[in-house]
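Quick note, the sequences are listed as chains A and B, same order.
The first sequence begins at 3 in the working numbering and counts up one residue at a time.
The second sequence begins at 17 in the working numbering and counts up one residue at a time.
Ideal Cβ positions, reconstructed from N, Cα and C, are used throughout, including at glycine.
Notes follow once the structure below has been shown.
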Amino acid sequence: MTVRVLLFASYADAVGRGEMTIDVADGAVVGDVLARIRELAGSQDLPPAPLLAVNAEYATVGQPVRPGDEVAIIPPVAGG
Amino acid sequence: MSARLTTEAIDVAALLREVADDAHGATALFVGTVRNTHDGRAVDGIDYSAYERMALGEMNGIVAEAQERFGGVQVSLVHRLGTLAVGDASVAIACAHARRAQALDACRYVIEELKRRVPIWKREHYSDGTSEWVDPTRSAVEVRP
């Protein structure tokens with residue numbers, strides 16, 4: 003199945019893009035998506051446990067993903 | 017009650033009008049503005065960006081939580097995105113309630129939760145020509161002399 007991955011701010015700068023579509027196995031969890039992103043050049047700048055979201059809500063690495071889900075890898079937030 | 021993102025200058029007077037109510041005798045206003053220094057470095061401006069869909073979801077959730085916690089408080093919350101200069105307002109929160117304690121506490125709750133969990137980022141531009149993404153989890157340690 004395919005999922006859409008979003009990266010923002012310093013993380014998008016690190017891997018050189020902010021959006022991509024990747025293939026993961028059926029039954030994959032958020033952590034599997036993150037593992038695929040860690041294969042990209044520049045991803046060594048991501049911390050060991052970044053904030054994650056699925057479909058615009060905070061998620062954990064163990065949360066299952068479904069086809070077409072939007073998985074976001076979120077740098078430390080700095081609003082205000 | 018509303019939460020929104022804007023690329024326009026924040027109109028604080030309009031925000032106050034939004035929460036105005038004859039039954040509310042107390043209105044608290046918080047305005048966050050771009051500061052001219054950060055960790056001792058001279059700042060010229062800040063670019064704000066967001067995961068907009070999620071930011072709006074979190075902002076609306078925070079406003080709803082404030083209403084729940086501080087019964088009947090009226091809240092308007094706006095955060096600006098884009099390029100801001102020193103002195104520009106980046107965020108404004110107006111909270112109105114019959115009583116001042118709830119109005120002030122609600123305002124504090126909204127800004128603290130916004131800073132904790134709303135996916136907005138800022139890239140600071142320094143007077144020496146460099147720029148950096150701000151990481152509050154890191155500068156919180158480095159900022160102490």
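Where residue i falls, given that 16 or more other Cβ within 10 Å makes a residue buried
i	result
D71/A	buried
R68/A	exposed
G56/B	exposed
R154/B	exposed
A71/B	buried
P78/A	buried
G103/B	exposed
A14/A	buried
G145/B	exposed
A51/A	exposed
Host alpha helix (DSSP H) of residue i (start-end)
i	result
D34/A	32-39
M3/A	Counting along the chain, M3/A falls outside any alpha helix (DSSP H), and DSSP gives it neither H nor E.
S12/A	11-17
R33/B	28-35
Residue-level contact to chain D via CB, residue i, 7 Å cutoff
i	result
G44/A	The chain labelled as chain D is not found among the protein chains of the depicted structure, namely A and B.
Beta-carbon proximity check, residue i vs residue j, cutoff 7 Å
i	j	result
L100/B	A66/B	no
F46/B	I109/B	yes
V107/B	G64/A	no
I14/B	V35/B	Residue 14/B is absent from the model: chain B starts at 17 and stops at 161.
A42/B	H113/B	yes
V32/A	A61/A	yes
S143/B	A58/B	yes
I76/A	L48/A	no
Same chain, Cβ closer than 6 Å to residue i, neighbours up to 5 away in sequence not counted
i	result
A74/A	L8, A55
I62/B	V50, L100, K138, E140
T4/A	T23, D25
E21/A	L8
A44/B	C111, A119, L120, C123
R95/A	Since the displayed chain A opens at 3 and closes at 82, residue 95/A lies outside it and no answer follows.
E74/B	R133, V134
T60/B	Correcting the residue identity first, residue 60/B is Asp in this sequence and not Thr. The residues are H141, S143.
G48/B	S106, V107
Beta-carbon neighbours of residue i, restricted to chain A and to distances below 9 Å
i	result
R92/B	Rather than Arg, the amino acid found at residue 92/B in this sequence is Ser. Here the premise fails: no neighbours, minimum Cβ distance about 16 Å.
I127/B	G82
S106/B	G81, G82
Chain-ordered neighbours of residue i on chain B, where CB pairs are closer than 8 Å
i	result
N7/A	The residue asked about is misnamed: residue 7/A is Val in this sequence, not Asn. None at all; the shortest Cβ gap to chain B is about 12 Å.
Element boundaries [beta strand (DSSP E), containing residue i]
i	result
A112/B	105-113
A117/B	Not the beta strand (DSSP E): A117/B falls in the alpha helix (DSSP H), residues 116-133.
Q83/B	Unbroken run through Q83/B is the alpha helix (DSSP H), 68-85; no beta strand (DSSP E).
T146/B	Neither: T146/B is in no beta strand (DSSP E) and is coded neither H nor E.
S92/B	90-96
Contact set between residue i and chain A, taken where Cβ atoms lie within less than 7 Å
i	result
T49/B	Here the premise fails: no neighbours, minimum Cβ distance about 10 Å.
H95/B	G81
I136/B	V79, A80, G81
R115/B	Within chain A, no residue comes near R115/B; the closest Cβ sits about 26 Å away, beyond 7 Å.
L133/B	Looking at the sequence shown, residue 133/B is not Leu but Arg. Within 7 Å Cβ-Cβ: V79.
Where residue i meets chain A, residues with beta-carbon distance less than 8 Å
i	result
D151/B	S12, P77, P78, A80
Y67/B	L8, F10, A55, A58, A74, I76
Neighbourhood of residue i by C-beta, 8 Å cutoff - its chain only, sequence neighbours within 5 removed
i	result
S45/A	A16, V17, I39
N76/B	A19
Same chain, Cβ closer than 7 Å to residue i, five either side skipped, listed in chain order
i	result
W149/B	W137, R139
heavy atom of the ligand PLP below 6 Å from residue i C-beta
i	result
E148/B	For the structure depicted, the ligand PLP is absent and the ligand set is empty, with no information on it obtainable.
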